[in-house]
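S.K.: Please see the structure below; I have some questions.
Numbering (our numbering), first residue to last: 261 to 494.
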C-alpha cells in the first residue's frame with residue numbers, strides 16, 4: 261500500500277531523515293519506534309505531504325505520492341492524526357468531526373460516518389455539543405481520530421496517540437485502534453509507548469537519528485537486546 265524508499269527530509273539545511281525506507285501493507289498495523297528527535301514526526305509529515313523530501317521516492321497504492329498535494333493525499337485515502345491532536349478548540353466537537361469529511365468522496369457519507377464515529381466513541385457523542393477545548397486529553401484524542409475517520413481513509417497514521425494520557429485512557433485509545441484495524445483499516449503508528457505499540461502492531465521499524473536501524477516482527481523486536489534496553493528498560 262505505502263512504500264517509502266531512501267527518503268531524505270530536512271528543515272532548511274538541517275537534515276532530519278537520511279535514507280529512511282519502510283513499507284506498510286494493506287490491513288496491517290505497523291509501528292514506527294524511536295526516541296524523541298529520531299525523525300518519526302518528520303516522516304509522518306512527509307508522507308502527508310506537509311514537508312517536501314529532498315531525495316527518495318514515496319508511492320501510495322502504486323501512485324507517486326511526491327506528485328500529490330496535502331489535499332490530494334487525503335483524497336487518495338491518507339489520514340494523519342498529528343501529535344498534540346490539533347483540534348479547533350472554540351468549535352463544537354461535532355463541527356470538528358464534520359470538517360474531516362471535506363474530501364469529495366466523503367461528503368455524501370458524512371452523516372453515516374458521524375454515526376460510526378459515535379458508535380466507536382460513545383463519550384464523544386455525549387460531548388458533541390461542547391467546544392473541543394473543554395474536553396479532557398483522552399476525549400480530544402478520540403475526536404482527533406474520529407475527525408480523520410470522517411475522511412474515509414484507507415491508511416490511518418497516528419502520531420503519539422497516548423501522549424499525556426492517563427494509563428486507563430491509553431488503554432481505551434489503544435482498544436479503539438485495534439477495533440479500527442479489525443474493520444480493515446491500515447494503521448501506521450508512531451508511539452513512544454513501545455510495549456503498547458508492539459501489543460497492537462504485527463511488525464515495526466526502529467528509527468534512530470534519521471535512519472531505520474532495525475525492522476522485524478513484533479516477536480523479533482521484543483526479543484531484540486537493543487529494543488529491550490533502549491525502549492523497554494529491561
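Beta carbons are placed, not taken as given, at the ideal position from N, Cα and C, and that holds for glycine. Everything numeric in this text was worked out from a predicted model, so none of it was measured.
Please specify which runs of the alpha helix (DSSP H), each continuous and at least 4 residues long, are wholly inside the segment 413-481, giving them in chain order.
M.R.: For the segment 413-481, the full-length alpha helix (DSSP H) segments reaching 4 residues or more read 427-442, 454-460 along the chain.
S.K.: Check whether the segment 290-301 touches the segment 448-455, taking contact to mean three or more Cβ pairs, one atom from each stretch, closer than 8 Å.
M.R.: yes
S.K.: What does DSSP give as the partner residues of residue 265 in its beta bridges?
M.R.: As a first step, residue 265 is located in the chain shown; it is residue number 5 there, counting from the start. 317, per the DSSP bridge assignment.
S.K.: If you follow the alpha helix (DSSP H) that residue 281 is part of, which residue opens it and which one closes it?
M.R.: Indexing the chain shown from 1 puts residue 281 at position 21. That residue, residue 281, is in no alpha helix (DSSP H); its beta strand (DSSP E) goes 274-284.
S.K.: Going by alpha carbons, who is nearest to residue 273 out of 439, 444, 314?
M.R.: Working through the chain shown from its first residue, we reach residue 273 at position 13. The shortest Cα separation from residue 273 among 439, 444, 314 belongs to 314.
S.K.: So what does residue 293 bridge to, in DSSP terms?
M.R.: The count along the chain shown starts at 1 and reaches residue 293 at position 33. DSSP output for residue 293 lists 466 as bridge partner(s).
S.K.: Comparing alpha-carbon positions, which option in 328, 345, 408, 378 lies nearest residue 397?
M.R.: Mapped onto the chain shown, residue 397 falls at position 137. For the residues 328, 345, 408, 378, the minimum Cα distance to residue 397 belongs to 345.
S.K.: Buried or exposed for residue 302, please, with buried defined as at least 16 other CB atoms from any protein chain shown within 10 angstroms of its CB.
M.R.: Position 42 of the chain shown holds residue 302. With 16 or more Cβ atoms within 10 Å of its Cβ, residue 302 is classed as buried.
S.K.: Would you call residue 360 buried or exposed, if buried means 16 or more other Cβ atoms sit within 10 Å of its Cβ?
M.R.: Mapped onto the chain shown, residue 360 falls at position 100. With 16 or more Cβ atoms within 10 Å of its Cβ, residue 360 is classed as buried.
S.K.: Could you check how far apart the C-beta atoms of residue 490 and residue 478 are, in whole angstroms? I think they sit under 8 Å.
M.R.: As a first step, residue 490 must be located in the chain shown, where it is residue number 230. As a first step, residue 478 must be located in the chain shown, where it is residue number 218. Not quite, the Cβ-Cβ distance comes to about 17 Å (not below 8 Å), so this is no contact.
S.K.: With three or more C-beta pairs closer than 8 Å as the rule, is the segment 414-421 touching the segment 375-393?
M.R.: Contact fails: fewer than three Cβ-Cβ distances are below 8 Å.
S.K.: Tell me whether the beta-carbon of residue 471 lies closer than 8 Å to the beta-carbon of residue 279.
M.R.: Residue mapping note: residue 471 aligns to position 211 of the chain shown, counting from 1. Residue mapping note: residue 279 aligns to position 19 of the chain shown, counting from 1. Yes, these two residues count as a Cβ contact at 8 Å.
S.K.: Name the one or two DSSP bridge partners that residue 323 has.
M.R.: Here residue 323 corresponds to residue number 63 of the chain shown, with the count starting at 1. DSSP lists 320 as partners of residue 323.
S.K.: Could you spell out the range, first to last residue, of the alpha helix (DSSP H) harbouring residue 368?
M.R.: Along the chain shown, read from residue 1 onward, the residue named residue 368 stands at position 108. Careful: residue 368 lies outside any alpha helix (DSSP H) and carries neither H nor E.
S.K.: Look at residue 304 and residue 285 and say whether their C-beta atoms are less than 8 Å apart.
M.R.: Position 44 of the chain shown, counted from the start, is the residue given in the question as residue 304. Position 25 of the chain shown, counted from the start, is the residue given in the question as residue 285. Result no, Cβ atoms of residue 304 and residue 285 do not sit closer than 8 Å.
S.K.: Report the residue from 265, 483, 385, 486 whose alpha carbon sits nearest the alpha carbon of residue 355.
M.R.: As a first step, residue 355 must be located in the chain shown, where it is residue number 95. The candidate whose alpha carbon is nearest that of residue 355 is 385.
S.K.: In its own chain, which residues sit with a C-beta less than 8 Å from the C-beta of residue 467, not counting the 5 before and 5 after it?
M.R.: Here residue 467 refers to the residue found at position 207 of the chain shown. Contacts found: 280, 292, 293, 294, 298, 299, 300, 303, 473.
S.K.: For residue 270, write down the residues that DSSP places opposite it in a beta bridge.
M.R.: Residue 270 sits at position 10 when you count from the first residue of the chain shown. Answer by DSSP bridge pairing, in chain order: 275.
S.K.: Going by Cα to Cα distance, which pick from 322, 366, 334, 390 is closest to residue 350?
M.R.: As a first step, residue 350 must be located in the chain shown, where it is residue number 90. Of the listed residues, the one whose Cα sits closest to residue 350 is 390.
S.K.: Between which two residues does the beta strand (DSSP E) holding residue 339 run?
M.R.: Position 79 of the chain shown, counted from the start, is the residue given in the question as residue 339. Per DSSP, the unbroken beta strand (DSSP E) holding residue 339 starts and ends at 338-341.
S.K.: Rounding to the nearest angstrom, what Cα-Cα distance links residue 306 and residue 312 in this structure?
M.R.: Within the chain shown, residue 306 is the residue found at index 46, counting from 1. Within the chain shown, residue 312 is the residue found at index 52, counting from 1. Rounded to whole angstroms, residue 306 to residue 312 spans 6 Å at the Cα level.
S.K.: Once you ignore the five residues that flank residue 457 on each side, which residues in its own chain have a CB closer than 6 Å to its CB?
M.R.: By one-based count along the chain shown, residue 457 stands at place 197. Same-chain partners within the cutoff: 291, 449, 451.
S.K.: Sorted by chain position, which residues of the same chain lie with C-beta nearer than 8 Å to residue 453's C-beta, five sequence neighbours on each side aside?
M.R.: Position 193 of the chain shown, counted from the first residue, corresponds to residue 453. Hits under 8 Å: 422, 430.
S.K.: Just curious, the alpha helix (DSSP H) that residue 358 is in, first and last residue?
M.R.: What you label residue 358 is simply residue 98 of the chain shown in a count that begins at 1. Per DSSP, residue 358 belongs to the alpha helix (DSSP H) from 353-359.
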